[in-house]
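K.L.:
The following block contains the structure, expressed as structure tokens.
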Amino acid sequence: MSGKYLAATDQNFKAEVLDSDKVVLVDFWATWCGPCMMLGPVIEELAGEYEGRAVIAKLNVDENPASAAQYGIRSIPSLLIFKNGQVVDQMLGAMPKNMIVQKLDAQIG
Amino acid sequence: MASNVHDLIIMGTGPGGYTAAIYTGRANITPLVIEGFQPGGQLMITTEIENFPGFPEGIRGPELMARMREQAAKFGAQFVGGSVTDVDLSKRPFLLTLEDGRELLTHTLIVATGANAKWLGLESEDRYRGKGVSACATCDGFFFRDNKVFVVGGGDTAMEEAIFLTKFASEVVLVHRREEFRASKIMSLRTKKNPKISMMLNEVVDEILGDGQKVTGIRLKNVVTGEFSEHTCDGVFLAIGHSPNAGLFKDQLELDEQGYIKTKKHSTETNVQGVFACGDVQDTGYRQAVTAVGTGCMAAVDAERFLESIRG
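Chains as they are written, first to last, in the working numbering: chain A, 1 to 109; chain V, 1001 to 1312.
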């Protein structure tokens, strides 16, 4: 089941990620990053599976350098989990889906 | 029960795994291919491949792997996402457990799990991973625009990474523990000629320095004089070779001292009949995409012959 993820940007980051009342997973990615391209379909599946329970977002670092710099991203893919505007967990590299699910579920409670 | 037993499972989707899938698929064996942790393998994180025969203009790694996958699918290979977490090769059929707990049975197994980048093993390296320490220039070079970075290593990968990083970084320093490079002449020459790249030879990394948030420098030790030196930098890229992904088979297949799966000479047979290994996980000498393709084909032929022999 593939769903609609949120396309996070420098402009909507505060409103859609930081001010969200749900747990938000943000995938920092770019088109030229092989592991990001492998992770992409997993993120889209998660967007479907977590619909209504969490926000699943992708942020293109090429187009949104300010957000990437703000969170000190120096390696992608990087997955950050936000809760009440704070980073509560993060993962580096193309992670297996079940590990992302575990970390997300731990934050959703 | 018998209908649940696969004829062939292939673990891994680098050039070796895909080639084995193409050949066995074409021989009507219908392989089940388990994609593994990094579908497409190491070539997914490379840029241009210049030495794969048939592509005089070069081809991008991810594109080559997408084409191999398409070719395997065309001949009937089936794909399963995820990784194998457990194997039991002590009874037949062989039993494989996937990360979601699913169990698969198979008469033959081709291990094409490849190799992964080695790390130095420093605590500081682990602390700053993703905060300036990286083993993938193509993934992370972008974040080091106008920065100074160090590349550690002396093989072709190190040269490629150093050259790639000059697209972003203002200064690239190549650190190598020896006087001579293991890299090919063409790559060494290109690196030496690049005005943005300087070299520090006979130096090993003693520590990666940081401010708690990110990398700020590197401490090197000269292996000839024993002297330490500290240098400021924003990133450290490691290209110090690869180690085989064979940990899962430690007590079940014969491995060499470095952890590579042992195969019989001029064959892909392991010490367990019906289990074959191809590509980087068994290649101590060459480790090229082309040699993985070669041994992938060998594994397919070996597995096919074995299946014929047990069917009588």
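Glycine is no exception: its CB is placed at the ideal position from the N, C-alpha and C atoms.
1) Per the DSSP calculation, Q70 of chain A is bridged to which residue(s)?
2) Answer with buried or exposed for Q1213 of chain V, where buried requires no fewer than 16 other C-beta atoms within 10 angstroms of its C-beta.
3) Are the beta-carbon atoms belonging to G1241 of chain V and K1118 of chain V less than 8 Å from one another?
4) When the Cβ atoms of the region 1172-1179 of chain V are set against those of the region 1088-1101 of chain V, are three or more pairs found closer than 8 Å?
5) Taking 8 Å as the CB-CB cut-off, is T1138 of chain V touching chain A?
6) Helix or strand or just coil, what does DSSP make of M95 of chain A?
7) Can you tell me the Cα-Cα spacing of M1001 of chain V and P1031 of chain V, whole angstroms?
8) For the beta strand (DSSP E) containing D27 of chain A, list its first residue and its last residue.
9) Mapping the DSSP letters down to three states, classify A1137 of chain V as helix, strand or coil.
10) Are the region 1076-1092 of chain V and the region 1223-1242 of chain V in contact at 8 Å, needing three or more beta carbon pairs?
11) Decide if A15 of chain A is buried, meaning its Cβ has at least 16 other Cβ atoms within 10 Å, or exposed.
12) At which residues does the beta strand (DSSP E) containing Q1078 of chain V begin and terminate?
13) Where does Y1286 of chain V land, buried or exposed, given buried means 16+ other C-beta within 10 angstroms?
14) Confirm, please, whether the CB-CB distance from N1245 of chain V to T1113 of chain V is below 8 Å.
15) Rank V:S1090, V:A1073, V:R1060 and V:E1070 by C-alpha distance to the C-alpha of D1251 of chain V and give the top, closest one.
16) For R1129 of chain V, which residues in chain A fall below 8 Å Cβ to Cβ?
17) Under a three-way DSSP split, which group does Q102 of chain A fall into?
18) Out of curiosity, what's the CA-to-CA distance linking V1084 of chain V and R1102 of chain V?
19) Below 8 Å on the Cβ atoms is my guess for A1289 of chain V versus T1268 of chain V; work out the distance and round it to an integer in Å.
20) Whose C-alpha, out of A:A69, A:Q70, A:V55 and A:L59, is nearest the C-alpha of D21 of chain A?
21) May I ask you to report which of helix, strand or coil DSSP gives K1074 of chain V?
22) DSSP three-state call for S1090 of chain V: helix, strand or coil?
23) What does G1237 of chain V pair with, by DSSP beta-bridge criteria?
24) For S67 of chain A and chain V, any beta-carbon pair shorter than 8 Å?
25) Report all residues from its chain with a CB closer than 8 Å to the CB of A8 of chain A; omit the five preceding and five following residues, and keep chain order.
26) Do F1162 of chain V and V1172 of chain V have their C-beta atoms within less than 8 Å of each other?
27) Applying a beta-carbon distance threshold of less than 7 Å, which residues of chain A neighbour I1045 of chain V?
28) Which class does K83 of chain A belong to by DSSP, given the choice of helix, strand or coil?
29) Could you check the C-alpha separation between I108 of chain A and L1307 of chain V for me, to the nearest Å?
30) For the region 13-35 of chain A, which residues have a CB atom closer than 8 Å to at least one CB atom of chain V, in sequence order?
31) Look at the alpha carbon of G40 of chain A and the alpha carbon of W29 of chain A, and state the distance between them as a whole number of angstroms.
32) At the 8 Å Cβ level, is N64 of chain A part of the contact set with chain V, yes or no?
33) Taking 8 Å as the CB-CB limit, is G72 of chain A close to chain V?
34) Leaving out five residues on either side along the sequence, give the residues of the same chain with a beta carbon under 8 Å from the beta carbon of F1144 of chain V.
35) Is there at least one Cβ from chain A nearer than 8 Å to E1050 of chain V's Cβ?
36) Buried or exposed: which applies to R1067 of chain V, given that a residue is buried once 16 or more other Cβ atoms fall within 10 Å of its Cβ?
P.N.:
With the structure as the only source:
1) Counted from its first residue, the first sequence places residue 70 of chain A at position 70. Looking at the DSSP assignment, Q70 of chain A forms no beta bridge with any residue, so it has no partner.
2) If you number the second sequence from 1, residue 1213 of chain V lands on position 213. Flag for Q1213 of chain V reads exposed.
3) Counting from 1 along the second sequence, the entry for residue 1241 of chain V is found at position 241. Counting from 1 along the second sequence, the entry for residue 1118 of chain V is found at position 118. Going by C-beta atoms, G1241 of chain V is nearer than 8 Å to K1118 of chain V.
4) no
5) Counting from 1 along the second sequence, the entry for residue 1138 of chain V is found at position 138. With 8 Å as the cut-off, T1138 of chain V counts as an interface residue toward chain A.
6) Numbered from 1 along the first sequence, position 95 holds the residue referred to as residue 95 of chain A. In this structure, M95 of chain A counts as coil in the three-state DSSP scheme.
7) Numbered from its first residue, the second sequence carries residue 1001 of chain V at position 1. Numbered from its first residue, the second sequence carries residue 1031 of chain V at position 31. Residue placement at M1001 of chain V is poorly supported in this model, since its pLDDT is 37, which falls under 50; the coordinates still yield a value, given next. Answer to the nearest angstrom: the Cα atoms are 18 Å apart.
8) Here residue 27 of chain A refers to the residue found at position 27 of the first sequence. Where D27 of chain A is concerned, the enclosing beta strand (DSSP E) stretches over V23 to W29.
9) As a working note, residue 1137 of chain V is residue 137 in the second sequence. DSSP places A1137 of chain V in helix when its eight states are reduced to three.
10) no
11) Locating residue 15 of chain A in the first sequence gives position 15, where the first residue counts as 1. Exposed, by the Cβ-count rule.
12) Walking along the second sequence from the start, residue 1078 of chain V turns up at place 78. Q1078 to V1080 is the span of the beta strand (DSSP E), which, as asked, contains Q1078 of chain V.
13) On the second sequence, position 286 is the one that residue 1286 of chain V refers to. Exposed, since its Cβ has fewer than 16 Cβ neighbours within 10 Å.
14) As a first step, residue 1113 of chain V must be located in the second sequence, where it is residue number 113. As a first step, residue 1245 of chain V must be located in the second sequence, where it is residue number 245. Result yes, Cβ atoms of T1113 of chain V and N1245 of chain V sit closer than 8 Å.
15) Locating residue 1251 of chain V in the second sequence gives position 251, counting from the first residue. Closest option to D1251 of chain V, Cα to Cα, is V:S1090.
16) Counting from 1 along the second sequence, the entry for residue 1129 of chain V is found at position 129. By Cβ distance, chain A contributes S75 and L92.
17) As a position in the first sequence, residue 102 of chain A is number 102, starting the count at 1. It is helical.
18) Locating residue 1084 of chain V in the second sequence gives position 84, counting from the first residue. Locating residue 1102 of chain V in the second sequence gives position 102, counting from the first residue. Looking at the two C-alpha atoms, the distance is approximately 9 Å.
19) On the second sequence, position 289 is the one that residue 1289 of chain V refers to. On the second sequence, position 268 is the one that residue 1268 of chain V refers to. A1289 of chain V to T1268 of chain V, Cβ: 17 Å. No contact.
20) As a first step, residue 21 of chain A is located in the first sequence; it is residue number 21 there, counting from the start. D21 of chain A has its Cα closest to that of A:V55, out of A:A69, A:Q70, A:V55 and A:L59.
21) Within the second sequence, numbered from 1, the residue matching residue 1074 of chain V stands at position 74. In the structure shown, K1074 of chain V sits in a helix (DSSP, three-state: H, G or I).
22) Counting from 1 along the second sequence, the entry for residue 1090 of chain V is found at position 90. Of the three classes helix, strand and coil, the one that applies to S1090 of chain V here is coil, per DSSP.
23) Residue numbering aside, residue 1237 of chain V sits at position 237 when the second sequence is read from its first letter. As written in the sequence, residue 1237 of chain V is Phe, which differs from the Gly given in the question. Partner(s): V:S1134 and V:V1151.
24) Along the first sequence, read from residue 1 onward, the residue named residue 67 of chain A stands at position 67. No, its Cβ sits nowhere closer than 8 Å to a Cβ of chain V.
25) Within the first sequence, numbered from 1, the residue matching residue 8 of chain A stands at position 8. Around A8 of chain A: E16, V17, V26, A57, K58, L59, N64 and S67.
26) Here residue 1162 of chain V corresponds to residue number 162 of the second sequence, with the count starting at 1. Here residue 1172 of chain V corresponds to residue number 172 of the second sequence, with the count starting at 1. The residue asked about is misnamed: residue 1162 of chain V is Ala in this sequence, not Phe. Closer than 8 Å, so yes.
27) Reading the second sequence from its first residue, position 45 is the one you call residue 1045 of chain V. Those within 7 Å of I1045 of chain V in chain A are G34 and P35.
28) Counting from one through the first sequence, the residue named residue 83 of chain A turns up at place 83. Three-state DSSP puts K83 of chain A in a strand.
29) Taking the first sequence and counting its residues from 1, the one referred to as residue 108 of chain A is at position 108. Taking the second sequence and counting its residues from 1, the one referred to as residue 1307 of chain V is at position 307. So the alpha carbons of these two residues sit roughly 49 Å apart.
30) A30, W32, C33, G34 and P35
31) Taking the first residue of the first sequence as position 1, residue 40 of chain A is located at position 40. Taking the first residue of the first sequence as position 1, residue 29 of chain A is located at position 29. Rounded to whole angstroms, G40 of chain A to W29 of chain A spans 9 Å at the Cα level.
32) Position 64 of the first sequence holds residue 64 of chain A. Answer no: the Cβ-Cβ gap between N64 of chain A and chain V never drops below 8 Å.
33) In the first sequence, residue 72 of chain A corresponds to position 72, counting from 1. Yes, G72 of chain A lies at the interface with chain V (some Cβ there is under 8 Å from its Cβ).
34) Against the second sequence, residue 1144 of chain V aligns to sequence position 144. Around F1144 of chain V: L1165, F1168, A1169, D1234 and G1235.
35) Against the second sequence, residue 1050 of chain V aligns to sequence position 50. Not one chain A Cβ lies under 8 Å of E1050 of chain V.
36) Within the second sequence, the letter at position 67 stands for residue 1067 of chain V. Exposed.
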